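Below is one structure, written out as structure tokens, with a few remarks after it.
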Amino acid sequence: MSWYIHHVNLQAHNVRESADFFCNIVGLPEGEWTYPERIGHVGHSPETIAFFGTQNQGLHIVKAITSFARDNNFTHNPTIGGHFAICVPDVKAVKTRLEAKGVVVSDAGVYAMAGMHQIYCYDPSMNVVEINEVVDPSGGQGPLPNQDHPVRREPGNWYIHHINRQVHNIQNTADFYELLIGMKKDVFRTPGADMVGDFDRSENSLIVFGPENRGLHLVRGMPTFHIDNNLMHNPTFGGHVAITVPDVESVMSRMEKVGHLYSDAGTYAMAGMHQVYTYDPSMNFIEINQEISD
9 MSWYIHHVNL
19 QAHNVRESAD
29 FFCNIVGLPE
39 GEWTYPERIG
49 HVGHSPETIA
59 FFGTQNQGLH
69 IVKAITSFAR
79 DNNFTHNPTI
89 GGHFAICVPD
99 VKAVKTRLEA
109 KGVVVSDAGV
119 YAMAGMHQIY
129 CYDPSMNVVE
139 INEVVDPSGG
149 QGPLPNQDHP
159 VRREPGNWYI
169 HHINRQVHNI
179 QNTADFYELL
189 IGMKKDVFRT
199 PGADMVGDFD
209 RSENSLIVFG
219 PENRGLHLVR
229 GMPTFHIDNN
239 LMHNPTFGGH
249 VAITVPDVES
259 VMSRMEKVGH
269 LYSDAGTYAM
279 AGMHQVYTYD
289 PSMNFIEINQ
299 EISD
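Counting from 9, one number per residue, gives the positions in the sequence shown under my numbering.
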């Protein structure tokens, strides 16, 4: 089954402050949300949501709405704690597999994004996951055959490289994505032995879905990861989104000018990628990276 990461949703305490960070520091142009004809109780306003990307794909910055699940008759509240969305060819088939295994699903239908059927559930590590399907051309292009999370460059020449999720039981969580969602595991590709950092790369600690390190990374929390790799930030705790930009040096320069702390990891974990870590103003862990020549 082909799939791609449709969007990553980050909870923000102050939506405009976080949006300004992604716009003015990371360099992402702000996009325009497109709604379906019938809209659920989403509570959207400039103070509660900001969007970066096109056709609702990309990065969603959202203020938590405590009553969101109740207002929309859901079990899950996708505005609290953030989530990521996987676009699949047949969301009803995924829902059937989930419910057959006793996974509780909130079927939202088409309620918040034009042309998209959305469902929500928890993975075995209690990460909120959205699975969706393009059901109308207004929702954009669905997954193409034999293309797992291909590069989709947004205005400003950026794209979502991967989503990292901390997991409690890595094999159970991997089985969830492989057997119930229908995704295929891949191989994590590291730089050469003279460049690779100090971390456990076995499937006891890291499992990847998607080609060339793009897609979904399931990671066991490693308490000394940042110390072992001389970093200020520990990317194995709490999960993060990785955004690929055309010039990570410029992003670092802008962070330095405003006194925003970051860890420049260089090329140490993923082959062909210069990785930088930081927090956004709402303390969401963010990776900003750039493709480089091996």
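Glycine included, every Cβ here is placed at the ideal spot set by N, Cα and C.
Note that this is a predicted model, so its numbers are computed, not measured.
Nearest to residue i (by Cα), restricted to the options the options
i	options	result
residue 291	103, 127, 281, 241	241
residue 202	247, 276, 43	276
residue 78	107, 116, 65, 46	116
residue 105	139, 120, 80, 271	139
residue 48	98, 96, 125, 95	125
residue 9	141, 145, 191	191
residue 89	50, 103, 263, 135	135
residue 31	60, 159, 14, 50	60
residue 178	131, 113, 56, 108	131
residue 58	24, 72, 98, 266	24
residue 84	233, 204, 111	111
residue 149	122, 262, 107, 171	122
residue 159	17, 253, 186, 204	253
residue 167	249, 96, 199	249
residue 98	151, 271, 230, 297	151
residue 46	200, 231, 163, 80	80
residue 163	56, 62, 267	62
residue 235	251, 283, 205, 215	205
residue 245	259, 230, 180	230
residue 54	37, 64, 22	22
Proximity of residue i and residue j at Cβ, strictly below 8 Å
i	j	result
residue 169	residue 209	no
residue 197	residue 212	no
residue 35	residue 66	no
residue 41	residue 156	no
residue 273	residue 285	yes
residue 299	residue 281	yes
residue 243	residue 293	yes
residue 137	residue 94	yes
residue 218	residue 194	yes
residue 143	residue 118	yes
residue 173	residue 247	yes
residue 86	residue 43	no
residue 207	residue 165	no
residue 51	residue 73	yes
residue 91	residue 17	yes
residue 289	residue 29	yes
residue 224	residue 171	yes
residue 261	residue 239	no
residue 114	residue 82	yes
residue 109	residue 226	no
residue 175	residue 146	no
residue 71	residue 27	no
Strand pairing of residue i, partner residues [DSSP]
i	result
residue 126	117, 140
residue 58	69
residue 172	225, 248
residue 275	Note: residue 275 sits in no beta bridge, so no partner.
residue 95	12, 140
residue 282	298
residue 293	287
residue 270	286
residue 303	With the chain running from 9 to 302 in the structure shown, residue 303 is simply not present.
Helix, strand or coil at residue i [DSSP, three-state]
i	result
residue 252	strand
residue 159	coil
residue 149	coil
residue 19	strand
residue 28	helix
residue 206	coil
residue 214	strand
residue 43	coil
residue 193	strand
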